[in-house]
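There are 2 protein chains.
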Amino acid sequence: MEQRISLITLGVTDLARARAFYESLGWRGREVEETVFFQAGGLALVLWGRDRLAADCGLPDPGTAGFGGIALAHNVRSRQEVDGLLAAAGRAGATITRPAGVTPYGGYAGAITDPDGHPWEIAHNPGFTLAEDGSLVLVLPDFTA
Amino acid sequence: MEQRISLITLGVTDLARARAFYESLGWRGREVEETVFFQAGGLALVLWGRDRLAADCGLPDPGTAGFGGIALAHNVRSRQEVDGLLAAAGRAGATITRPAGVTPYGGYAGAITDPDGHPWEIAHNPGFTLAEDGSLVLVLPDFTA
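Protein sequences, first through last, are from chains B and X.
Everything in the first sequence is counted per our numbering, starting at 26 for the first residue and increasing by one.
Everything in the second sequence is counted per our numbering, starting at 26 for the first residue and increasing by one.
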């Protein structure tokens with residue numbers, strides 16, 4: 026198995042609402058057969074019906090809207106960007122589940138859930154380098170050892 | 026908001042077990058303060074305690090191990106690779122939740138859950154181009170329109 030992820034699919038209950046949320050934050054994608062695809066670096070973020078996604082995974086869907094065990098993070102380059110993006114997400118319909126604050130690792134972060142309850146942490150982490158194209162490059166000592 | 030994802034964090038209940046699962050499939054990462062980081066293209070896949078992740082997101086954790094509303098996908102270059110990877114994942118401790126089969130879009134895919142129940146689809150999709158480095162490049166018509 027190569028060390029990479031091809032797609033992240035978010036199960037949604039209202040595709041138009043979910044698409045509008047991400048578009049209002051500046052994302053641009055394309056809808057094909059009730060599925061929205063966004064290119065996000067070397068992978069695709071996909072919005073698809075939650076019931077279909079569960080079936081596709083061969084899993085029953087308890088249908089709970091709570092924490093599902095996975096979180097996405099979007100890192101930015103300054104604390105000001107964290108504040109600005111949290112505010113923009115709130116205006117776009119997100120729930121701010123953790124207000125921005127200083128983190129134990131010396132960063133600054135807050136968290137939201139999108140209209141389907143999917144969590145995103147919005148963070149400035151001075152320990153993680155962001156390349157010019159936004160890629161996150163782990164620079165922990167001997168990381169590949 | 027730039028159109029990118031910095032980290033995907035999988036909440037786990039047994040960090041050593043989760044790390045061993047991904048390592049047995051060939052992933053190589055680094056553990057720092059009870060957190061395992063894997064570089065995966067332009068983002069990091071992170072393994073972290075599920076209870077801490079929920080708290081970090083500001084969310085209560087229902088603790089259900091079922092479908093959480095998000096799925097990851099790992100696309101490969103042939104049907105044979107799908108079969109090989111599903112078998113390897115099964116040997117590594119995954120549950121095969123959907124055996125490999127032909128998909129409606131003309132591909133071939135199956136699905137597993139990792140030891141913490143996180144779903145991965147393993148797919149060969151001839152409609153999605155994989156770059157030499159494994160990046161998935163959406164080539165839907167007028168995708169950026």
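Backbone N, C-alpha and C define an ideal beta-carbon position, used for all residues, glycine too.
Discussion item. Measuring straight from C-alpha to C-alpha, what distance separates residue 157 (chain X) and residue 104 (chain B)?
Written reply: The residue given as residue 157 (chain X) occupies position 132 in the second sequence. The residue given as residue 104 (chain B) occupies position 79 in the first sequence. Rounded to the nearest angstrom, the two C-alpha atoms are 36 Å apart.
Fill in: Whole-angstrom C-beta distance between residue 135 (chain X) and residue 107 (chain X), which should lie under 8 Å
The residue you call residue 107 (chain X) lines up with position 82 of the second sequence. The residue you call residue 135 (chain X) lines up with position 110 of the second sequence. That pair is a contact at about 6 Å.
Fill in: Any chain B beta carbon closer than 8 Å to residue 59 (chain X)
If you number the second sequence from 1, residue 59 (chain X) lands on position 34. Not closer than 8 Å to any Cβ of chain B, the Cβ of residue 59 (chain X) fails to qualify, so no.
Discussion item. Whether or not the segment 84-99 of chain X and the segment 51-63 of chain X are in contact is what I'm after, with contact meaning three or more pairs of Cβ atoms, one per stretch, closer than 8 Å; do they touch?
Written reply: no
Discussion item. If I measure Cβ to Cβ from residue 133 (chain B) and keep anything under 8 Å in the same chain, skipping five residues before and after, which residues do I get?
Written reply: Walking along the first sequence from the start, residue 133 (chain B) turns up at place 108. Answer for residue 133 (chain B): 104, 107, 125, 126, 127, 148 and 149, listed in chain order.
Discussion item. Any contact between the segment 69-89 of chain B and the segment 107-121 of chain B? By contact I mean 3 or more CB pairs, one from each, below 8 Å.
Written reply: no
Worksheet item: Applying a beta-carbon distance threshold of less than 8 Å, which residues of chain X neighbour residue 160 (chain B)?
Response: On the first sequence, position 135 is the one that residue 160 (chain B) refers to. What residue 160 (chain B) touches in chain X: 29, 66, 67 and 68.
Worksheet item: Can you tell me whether DSSP reads residue 146 (chain B) as helix, strand or coil?
Response: Locating residue 146 (chain B) in the first sequence gives position 121, counting from the first residue. Strand at residue 146 (chain B).
Item to complete: Pick out whichever of B:75, B:152, B:143 and B:69 has its Cα sitting closest to the Cα of residue 36 (chain B).
Response: In the first sequence, the residue the question calls residue 36 (chain B) occupies position 11. Among B:75, B:152, B:143 and B:69, the Cα nearest to that of residue 36 (chain B) is on B:75.
Worksheet item: For a contact meaning CB atoms closer than 8 Å, what does residue 51 (chain B) contact in chain X?
Response: What you label residue 51 (chain B) is simply residue 26 of the first sequence in a count that begins at 1. Result: 26, 27 and 28.
Item to complete: Tell me whether residue 156 (chain X) sits in a helix, a strand or coil according to DSSP, three-state version.
Response: One-based indexing of the second sequence puts residue 156 (chain X) at position 131. Residue 156 (chain X) falls in the coil class under three-state DSSP.
Worksheet item: What's the call for residue 27 (chain B), buried or exposed, on a 16-neighbour Cβ count within 10 Å?
Response: The residue given as residue 27 (chain B) occupies position 2 in the first sequence. The residue in question, residue 27 (chain B), is buried, as its Cβ has 16 or more Cβ neighbours within 10 Å.
Worksheet item: Hey, quick one: how far does the beta strand (DSSP E) through residue 46 (chain B) stretch, first residue to last?
Response: Stepping through the first sequence from its first residue, residue 46 (chain B) is reached at position 21. Here residue 46 (chain B) belongs to no beta strand (DSSP E); instead the alpha helix (DSSP H) covers 40-49.
Worksheet item: Which chain X residues are close to residue 63 (chain B), counting only those with a beta carbon under 7 Å from its beta carbon?
Response: Taking the first sequence and counting its residues from 1, one reaches residue 63 (chain B) at position 38. Within chain X, the residues near residue 63 (chain B) are 28.
Worksheet item: Considering only residues of the same chain and omitting the five flanking positions on each side of residue 66 (chain X), which have a CB-CB separation below 8 Å?
Response: By one-based count along the second sequence, residue 66 (chain X) stands at place 41. Only 158, 159 and 160 meet the Cβ criterion.
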